[in-house]
Amino acid sequence: MSNKGLRKVDILFSQYSVAPYQILKQTMKKNKADVLTEINESGLRGRGGAGFPTGMKWQIMADEKAEEKYIICNADEGEPGTFKDRKLLVEVPRKVISGMAIAAWITNSTKGYIYLRAEYNYLIPALKKELEVFEEYSKQFGLDFPIEIFSGSGAYVCGEETALIESMEGKRGEPRNKPPFPTQEGYLGKPTLVNNVETLASVSMVCRYGSEKYKSLGTDAQRGSKLFSLSGDSPKEGVHEFELGMKVSDFVAEYGDGDTKAIQVGGVAGYCIPRKNFENTIIGEGNTTGGATMIFNSTRSMYNVIHNYLEFFVEESCGQCTPCRVGTQQLLKGIEAVKVGDKPECYLQDLIKLSKTMKITSKCGLGQSVTNSFTSIITNFPEEMIY
Ligand SMILES: Cc1cc2nc3c(=O)[nH]c(=O)nc-3n(C[C@H](O)[C@H](O)[C@H](O)COP(=O)(O)O)c2cc1C
Ligand code: SF4
Numbered sequence: 098m099s100n101k102g103l104r105k106v107d108i109l110f111s112q113y114s115v116a117p118y119q120i121l122k123q124t125m126k127k128n129k130a131d132v133l134t135e136i137n138e139s140g141l142r143g144r145g146g147a148g149f150p151t152g153m154k155w156q157i158m159a160d161e162k163a164e165e166k167y168i169i170c171n172a173d174e175g176e177p178g179t180f181k182d183r184k185l186l187v188e189v190p191r192k193v194i195s196g197m198a199i200a201a202w203i204t205n206s207t208k209g210y211i212y213l214r215a216e217y218n219y220l221i222p223a224l225k226k227e228l229e230v231f232e233e234y235s236k237q238f239g240l241d242f243p244i245e246i247f248s249g250s251g252a253y254v255c256g257e258e259t260a261l262i263e264s265m266e267g268k269r270g271e272p273r274n275k276p277p278f279p280t281q282e283g284y285l286g287k288p289t290l291v292n293n294v295e296t297l298a299s300v301s302m303v304c305r306y307g308s309e310k311y312k313s314l315g316t317d318a319q320r321g322s323k324l325f326s327l328s329g330d331s332p333k334e335g336v337h338e339f340e341l342g343m344k345v346s347d348f349v350a351e352y353g354d355g356d357t358k359a360i361q362v363g364g365v366a367g368y369c370i371p372r373k374n375f376e377n378t379i380i381g382e383g384n385t386t387g388g389a390t391m392i393f394n395s396t397r398s399m400y401n402v403i404h405n406y407l408e409f410f411v412e413e414s415c416g417q418c419t420p421c422r423v424g425t426q427q428l429l430k431g432i433e434a435v436k437v438g439d440k441p442e443c444y445l446q447d448l449i450k451l452s453k454t455m456k457i458t459s460k461c462g463l464g465q466s467v468t469n470s471f472t473s474i475i476t477n478f479p480e481e482m483i484y
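With the sequence shown counted from 1, adding 97 to any position gets you the working numbering.
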């Protein structure tokens with residue numbers, strides 16, 4: 098466990114007073130392979146939740162040969178408790194668009210899309226204005242890379258990259274089997290790179306500051322800085338940026354209300370950490386993190402918390418595969434039965450086993466991740482689950 102302490106930084110939202118799209122212009126003066134090496138060496142991993150190394154994904158995409166290749170900025174942001182991508186699109190859209198353009202330049206991609214969740218449609222006029230500015234500058238730099246906005250339809254599962262692509266193709270938003278991965282066969286069957294909003298903005302920062310500086314932030318296990326959307330029982334709700342590698346105890350000391358009993362890291366797809374583990378848990382190390390962080394104080398019922406999460410999963414399961422469609426319903430019914438005394442406490446262990454089976458047998462990350470919050474809440478707060 099490597100602890101860097103709680104270090105607030107201001108990188109992703111920093112405003113700089115150079116002319117528009119200068120990072121892109123300066124980057125395009127370099128050798129493509131060198132820039133890709135910089136991104137690889139920065140240690141940047143995807144900020145959409147799964148944490149795949151960004152440079153490696155871009156290399157795979159660059160190696161694909163096709164006349165048409167697409168870059169998609171994933172701005173679906175449907176995870177409950179996350180709102181960091183919206184802030185980036187509102188405050189520093191230029192960094193996100195620059196990241197898309199650098200990706201297009203390196204991977205020889207022909208067109209870009211911003212997949213925007215429907216609830217963020219009010220951002221479209223400002224984004225379109227910014228895209229006009231981008232078009233003007235990119236042409237000056239000799240880059241032919243049009244970007245369009247695609248408005249989603251409000252399903253959480255459409256944030257999963259293959260469901261997102263299905264929905265862009267006008268089909269039901271249901272995840273595909275992988276392989277083939279989108280970089281091999283994505284939108285309209287062409288190689289497609291899907292990256293999170295924050296990942297793309299972070300690439301711009303790697304290009305601006307260089308991999309050495311970026312890599313000096315964080316720890317060996319996780320490099321760079323990261324945005325956290327903080328909600329719940331905190332006097333300081335909002336979006337905060339930190340160097341990666343801080344202990345939960347440091348985070349809670351700064352952002353809790355003095356009565357924190359648990360913290361959920363990585364949103365509903367992540368883990369619940371009880372007070373007894375605050376000291377020995379590093380946020381993001383061994384617990385997935387898209388950045389949604391919820392603080393619960395002693396007035397909160399953890400039964401209500403997991404009940405709420407399960408209702409969300411039941412609602413958002415696309416229903417395509419049985420373990421997820423039926424499993425989410427059974428978990429919900431199961432905890433309700435234990436709570437009213439229709440099932441004994443030991444039944445919770447059967448439910449944990451079911452959630453672990455869902456992890457192995459579900460088709461996509463939605464069904465696979467249910468066990469994270471389920472097992473961590475049930476195991477740490479069994480006394481709150483019973484009659
Ligand atoms: C149910 C589900 C919802 C997801 N929602 C999002 C989302 O809203 N935004 C996002 O960037 N990634 C989301 N992802 C992850 C994407 O599938 C994909 O891994 C990500 O966009 C890749 O970008 P990155 O490499 O920059 O992290 C979701 C995954 C699942 C399983
Ligand atoms: S795991 Fe759930 S959301 Fe994913 S494909 Fe299966 S039913 Fe759909």
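Each residue gets a CB set at the ideal place from its N, CA and C atoms; glycine is no exception. Everything numeric in this text was worked out from a predicted model, so none of it was measured.
Exposure label - residue i; buried when at least 16 CB within 10 Å
{"i": "ARG273", "result": "buried"}
{"i": "GLY364", "result": "buried"}
{"i": "CYS461", "result": "buried"}
{"i": "MET153", "result": "exposed"}
{"i": "LEU285", "result": "exposed"}
{"i": "ALA223", "result": "exposed"}
{"i": "ARG269", "result": "exposed"}
{"i": "CYS78", "result": "Past the edges of the chain, shown from 98 to 484, lies residue 78, and the structure says nothing about it."}
{"i": "VAL437", "result": "exposed"}
{"i": "ASP330", "result": "buried"}
{"i": "GLU257", "result": "buried"}
{"i": "ILE120", "result": "buried"}
{"i": "THR204", "result": "buried"}
{"i": "ALA252", "result": "buried"}
Reduced DSSP category for residue i - H, G, I as helix; E, B as strand; rest coil
{"i": "MET265", "result": "helix"}
{"i": "CYS461", "result": "coil"}
{"i": "TYR210", "result": "strand"}
{"i": "VAL291", "result": "strand"}
{"i": "ARG397", "result": "coil"}
{"i": "SER452", "result": "helix"}
{"i": "LYS190", "result": "The sequence shown places Pro at residue 190, rather than the Lys named in the question. Note: PRO190 maps to helix in three-state DSSP."}
{"i": "GLY116", "result": "Just to set this straight, residue 116 is Ala in the shown sequence, not Gly. It is coil, neither helix nor strand."}
{"i": "LYS129", "result": "helix"}
{"i": "ASN171", "result": "strand"}
{"i": "MET391", "result": "strand"}
{"i": "PRO150", "result": "strand"}
{"i": "LYS105", "result": "strand"}
{"i": "ARG142", "result": "strand"}
{"i": "MET482", "result": "coil"}
{"i": "GLU282", "result": "coil"}
{"i": "ASN469", "result": "helix"}
{"i": "ALA201", "result": "helix"}
{"i": "PHE110", "result": "coil"}
{"i": "ALA163", "result": "coil"}
{"i": "GLY178", "result": "coil"}
{"i": "LYS275", "result": "coil"}
Residue i and residue j closer than 8 Å at C-beta
{"i": "THR396", "j": "GLN361", "result": "no"}
{"i": "SER299", "j": "GLY367", "result": "no"}
{"i": "LYS105", "j": "HIS337", "result": "yes"}
{"i": "GLY145", "j": "THR151", "result": "no"}
{"i": "PRO264", "j": "ALA215", "result": "Going by the sequence as given, residue 264 is Ser instead of Pro. Taking 8 Å as the Cβ cut-off, SER264 and ALA215 do not qualify as a contacting pair."}
{"i": "ASN171", "j": "VAL294", "result": "yes"}
{"i": "LEU240", "j": "MET343", "result": "no"}
{"i": "LEU445", "j": "LEU428", "result": "no"}
{"i": "ILE244", "j": "MET197", "result": "yes"}
{"i": "PHE231", "j": "ILE194", "result": "yes"}
{"i": "THR179", "j": "SER326", "result": "yes"}
{"i": "SER139", "j": "ARG320", "result": "yes"}
{"i": "ASP317", "j": "SER99", "result": "yes"}
{"i": "SER322", "j": "LEU186", "result": "no"}
{"i": "ILE370", "j": "CYS304", "result": "no"}
{"i": "SER308", "j": "GLU481", "result": "no"}
{"i": "LYS333", "j": "TYR306", "result": "no"}
{"i": "THR289", "j": "ILE169", "result": "yes"}
{"i": "LEU463", "j": "GLU413", "result": "yes"}
{"i": "LEU141", "j": "GLN156", "result": "no"}
{"i": "VAL402", "j": "PHE375", "result": "no"}
{"i": "LEU220", "j": "SER248", "result": "no"}
{"i": "GLY416", "j": "MET455", "result": "no"}
{"i": "PRO117", "j": "TYR234", "result": "yes"}
Cutoff 8 Å: residue i Cβ touching any chain B Cβ
{"i": "SER398", "result": "This model lacks chain B altogether; it includes just one protein chain."}
Runs of alpha helix (DSSP H) wholly within the segment 417-444 (minimum 4 residues, chain order): 419-436
In chain order, each beta strand (DSSP E) run of at least 3 residues that lies wholly inside the segment 298-383: 322-329, 335-340, 357-362, 368-371
Alpha helix (DSSP H) segments (min. 4 residues) lying fully within the segment 214-269: 221-237, 258-265
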